[in-house]
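Note sheet for the following structure.
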Amino acid sequence: MNYLIGDLQGCCDAFERLLSKIDFSPSRDRLYLLGDLVNRGPTSLATLRRLMALEGSATCLLGNHDLHLLAVAHGAKKAHRNDTLSDILDASDRSALLHWLRQQRMACYEQGWLMVHAGVLPQWTRAKTLELAAEVESLLRGPDLGDFLQQMYGNEPALWLDELRGLPRLRCIVNALTRLRFVDASGQMDLKTKDSADGAPPGHMPWFEVAGRQSADTPIAFGHWSTLGLVQRPDLLALDTGCVWGGRLSAARVENGRALELISVKCEQAQKPG
Numbered sequence: 003m004n005y006l007i008g009d010l011q012g013c014c015d016a017f018e019r020l021l022s023k024i025d026f027s028p029s030r031d032r033l034y035l036l037g038d039l040v041n042r043g044p045t046s047l048a049t050l051r052r053l054m055a056l057e058g059s060a061t062c063l064l065g066n067h068d069l070h071l072l073a074v075a076h077g078a079k080k081a082h083r084n085d086t087l088s089d090i091l092d093a094s095d096r097s098a099l100l101h102w103l104r105q106q107r108m109a110c111y112e113q114g115w116l117m118v119h120a121g122v123l124p125q126w127t128r129a130k131t132l133e134l135a136a137e138v139e140s141l142l143r144g145p146d147l148g149d150f151l152q153q154m155y156g157n158e159p160a161l162w163l164d165e166l167r168g169l170p171r172l173r174c175i176v177n178a179l180t181r182l183r184f185v186d187a188s189g190q191m192d193l194k195t196k197d198s199a200d201g202a203p204p205g206h207m208p209w210f211e212v213a214g215r216q217s218a219d220t221p222i223a224f225g226h227w228s229t230l231g232l233v234q235r236p237d238l239l240a241l242d243t244g245c246v247w248g249g250r251l252s253a254a255r256v257e258n259g260r261a262l263e264l265i266s267v268k269c270e271q272a273q274k275p276g
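As structure tokens, this is what we get:
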């Protein structure tokens, strides 16, 4: 069976309870983790080690918190006061953990679902999304990662153009795949607002509500947006149900572009968002 799982954010105990609830078998089942594997939860190190041990039975996407870990590890960003990454950074197997993280995906299309951490810009088709994600994946695995991480942060360019090149192109891709919530009708991103869908800035809407979105023919699953909560539509699955904020960790059993069942467990960890 195939399961899509929302943001873990270092909540390994909840992850283990979820695996138990679905009676997970690595020889039979396949997991797809939708990013933000670590940070803010109490057991980021245990979470990474558990995911590494799953080897071929799990596909992991990278979210903004996972890229933040790489940035801190490379000295490109200072740790936030609410980070829970020190156990990874101080671990004896730190190098192996970070190397593994760099091999993970920015997007994938399997089981009839396009999977990303945050969102897909309205100008992007499924094929374009995977093509652009592969550009970032190649960078993550290559020798120039440190240089990119030094310049990764920033909200510009906010509008995707096919002619973008170099750092602006890569930053725009990363922002869309790992930070996106709201866009205007032209697809220009607002990366500051973190409210629920009802809190859209004037002239903006959730990225998946844009008329004429080029990926509308493909079911899409994503995490990232805990204030949005669970969304379960035939064409859309939002699975960040706020585990690290004292909510639930959710999984959807999927097959051939359909969501067949939703499973969740309570998460005892309660962080203050920020």
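To convert, note that position 191 of the sequence shown is 193 in our numbering; the numbers rise steadily by one, no gaps. No residue lacks a Cβ here, since even glycine has one placed at the ideal position from N, Cα and C.
{"Query": "Local Cβ density within 10 Å of P221, reported as buried at 16 or more and exposed below that", "Result": "buried"}
{"Query": "Length-filtered (3 minimum) beta strand (DSSP E) runs lying within the segment 105–188", "Result": "109–112, 115–118 and 184–186"}
{"Query": "Under 8 Å between C-beta atoms of W115 and G259", "Result": "yes"}
{"Query": "Length of the line joining the Cα atoms of V40 and L103", "Result": "11 Å"}
{"Query": "Element boundaries [alpha helix (DSSP H), containing R51]", "Result": "S46 to L56"}
{"Query": "For E263 and G168, the rounded distance between their alpha carbons", "Result": "42 Å"}
{"Query": "Under the three-state DSSP convention, the category I7 falls into", "Result": "strand"}
{"Query": "V74 in three-state terms, based on DSSP", "Result": "helix"}
{"Query": "Enclosing alpha helix (DSSP H) for R19 [first to last residue]", "Result": "C14 to K23"}
{"Query": "Sequence-distant residues of its chain with Cβ nearer than 7 Å to P203 (five each side left out)", "Result": "F184, D192 and T195"}
{"Query": "Helix, strand or coil at S97 [DSSP, three-state]", "Result": "helix"}
{"Query": "As assigned by DSSP and simplified to three states, the class of G259", "Result": "coil"}
{"Query": "Residues bridged to F224 [DSSP beta-bridge criterion]", "Result": "A240"}
{"Query": "Residue from L10, V233, A187 and D200 with nearest C-alpha to A213", "Result": "A187"}
{"Query": "Buried or exposed (CB count within 10 angstroms, at least 16 for buried), G148", "Result": "exposed"}
{"Query": "H67 - DSSP class collapsed to helix/strand/coil", "Result": "helix"}
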